[in-house]
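In what follows, a structure is listed as structure tokens, so that the remarks can point back to it.
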Amino acid sequence: MNPVVVGAACCFPSGPRIELADAAVRSALNQFRHHPSYRDRCGFPVQVSRFPHDDPFALQRGQDLLRAVIHELATQLESRRLLAPAAHAWLVLPAQSSRPGIPDDPVEPLIDVVRRGWPNNGIEGVAIVRGGHASGMVALQQARAYLEAEHGRLALVFGVESMLSGEALMWLECQRLLHGTHSPSHGSARTNPHGRVPGEGAAAVALTHRLPDGGKSAWASLPGVGVADEHRTYASGEPCTGVGLTRAAHAALSQCGRDMAGQVGTVVLDLNDEPYRADQFGFTALRLARYLAPGWRRVVPPLASGDLNAASAIAHVALAAHALHQRRSHAHYLVLSSSDDALRGAAVLGAIDPHPALPEIRAWQSPSTSMA
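Last residue of the sequence shown: number 372 in the UniProt record's numbering, and the count goes up by one each step with no gaps.
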């Protein structure tokens, strides 16, 4: 039996809870603001996706974001009596080796937030997964394996990111990954039209195998999660042809237990205005063409949330599960994630008990009143 998503939470500046995050993504509504202190090398302010308060971009912001999604998810499950006596949690955090500006030891304070924030001291263990955009897929893989061995338990996957410190922004600018920054050029300032708008946010997904109501309270199924490596990373300087991302998608699709040709109606992407990622997705979409349904669409949450880096995969899975819960589509969702390093990930989500569209019913009309 495939694990099912029974709840999800999301928090970023233009979408502080899952319903508002969903609306923000569908309307591309963002809260991009100037950073309160950082200036690029030409002295211009840079745009980031941040909450309006000007607290230091330190560990406390990550703790507050994590508390918000824990409270939202716990409230959802408690209202439907789905809180298990014991749950295992995964916490996805940025890798300290990937960029500067990450607090020296954020793990224990964040684990403490998870343990104290979850009702009834119900967290039996917290596993840490570190990495970039696709690292959330590794956590989901581990959660699926846990549920295979521990039927009836609850698996919670959290991701949190606040990559807005001055050191982190300087690193992005030096890598030409910070959107809208300026550099000196022949006596004037040249603008970088590419790159990401870094953001802050958190997300959470609750998974289980068994439900007391036979599945009525489930949001979506999670039949497949895959990861793979890509040898042409951003640092290689070569155009990415999407080999690693395609392998991750094939791995996820092959786990679905059915022919998935033409079954993917929505592809969720972490595109962020980088030509490297655009090339990668273009080649990946060509290779996955047989799986895409006629009229398939793509959804790009970073247009609303900014780039959520380590939290992005969990946020995008949470948003896909919420969309399926709202019955906006009966076709499958394919979530694609691409880290700055070699890791690539993909997840397939499906609707629970999809219902076919009802045939059109015309109102009865008396022959005596019908027109010739």
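Positions of the beta carbon are idealized from the N, C-alpha and C atoms, including for glycine.
Residues that residue i bridges to, as DSSP identifies them
i	result
S221	V4, G350
G201	E161
Q47	H34
S312	According to DSSP, S312 bridges with nothing at all.
L336	A346
A206	G7, L156
P94	G131
V264	L292, H332
T284	None; T284 has no bridge partner.
T75	BP columns for T75 are empty, so no partner.
For residue i, the three-state DSSP class (helix, strand or coil)
i	result
A331	coil
C240	coil
P109	helix
H231	coil
V126	strand
L117	Note that residue 117 corresponds to Gly in the displayed sequence, not to Leu. G117: helix per DSSP, three-state reduction.
F57	coil
C42	coil
D307	strand
P275	helix
A357	Residue placement at A357 is poorly supported in this model, since its pLDDT is 42, which falls under 50; the coordinates still yield a value, given next. Coil, per DSSP.
H186	coil
residue 400	This structure gives no information on residue 400, because the portion of the chain shown stretches from 1 to 372.
R344	strand
T246	helix
Q365	Model confidence at Q365 stands at a pLDDT of 46, short of 50, so the residue's coordinates are unreliable; what they give is reported in the following sentence. If DSSP states are grouped into helix, strand and coil, Q365 belongs with coil.
P302	helix
A293	strand
T181	coil
A372	Low confidence applies here, because A372 scores a pLDDT of 36, under 50, leaving its location unreliable and the question unanswered by this model.
R196	strand
L269	coil
P89	Note that residue 89 is Ala in the sequence shown here, rather than Pro. Three-state result, A89: strand.
G226	strand
G131	strand
Distance CB(residue i)-CB(residue j) smaller than 7 Å
i	j	result
L324	A351	yes
S339	H133	yes
L65	V160	yes
residue 436	G224	Shown here, the chain extends from 1 to 372; a query on residue 436 therefore has no answer.
S98	G201	no
V5	A249	no
P45	H53	no
A168	G117	no
S162	F57	yes
D22	L319	yes
H332	V348	yes
P301	V25	yes
P92	S37	One point to set straight first is that residue 92 is Val, not Pro, in the sequence displayed. No, the Cβ-Cβ distance between V92 and S37 is not below 7 Å.
C10	A315	yes
D273	H209	no
I123	A87	yes
F283	T241	yes
residue 416	N30	No answer is possible for residue 416: the residues shown for the chain start at 1 and end at 372.
E230	R344	yes
When the options are compared against residue i, the one with the closest alpha-carbon
i	options	result
P198	G166, D112, W118, A251	G166
A346	T266, M163, A89	T266
residue 394	V300, R81, A58, M137	Residue 394 lies beyond the residue range present for the chain, which begins at 1 and ends at 372; the question has no answer from this structure.
residue 374	Q280, G262, N272	Because the chain in this structure spans residues 1 to 372, residue 374 falls outside the shown range and cannot be described.
R130	F51, R327, A311	A311
G62	A23, P106, A318, A84	P106
N121	Q76, E230, P85, M260	P85
G291	E108, H53, A251	Before going further, note that residue 291 is Tyr rather than Gly in the sequence given. Comparing Cα-Cα distances from Y291 to each of E108, H53, A251, the minimum goes to A251.
A8	L20, S14, M1	L20
F262	P13, G15, A285, T241	The amino acid occupying residue 262 in the given sequence is Gly; Phe does not appear at that position. Nearest of P13, G15, A285, T241 to G262, Cα basis: A285.
A89	Y38, A145, D40, R39	A145
M170	P13, L29, V48, A293	V48
S275	A289, G43, G237	Here residue 275 is Pro; the residue named in the question, Ser, does not match the sequence. Looking at the Cα atoms, G237 is the closest of the given residues.
L309	A293, Q76, L269, W296	The identity of residue 309 in the sequence shown is Asn, whereas the question assumes Leu. Checked all of A293, Q76, L269, W296; the closest Cα to N309 is L269.
A127	N192, E150, L156, G152	L156
S79	E230, P119, R67, R297	P119
R287	M260, R258, V243	V243
P109	E150, R67, A87, A139	R67
G187	N2, C42, Q141, E124	C42
L147	N192, T181, L211, A203	L211
Q326	A218, A143, P3	A218
D307	H151, F32, A143	F32
Q76	R258, L207, F12	L207
heavy atom of the ligand SAM below 6 Å from residue i C-beta
i	result
W171	You won't find the ligand SAM in this model; it holds no ligand whatsoever.
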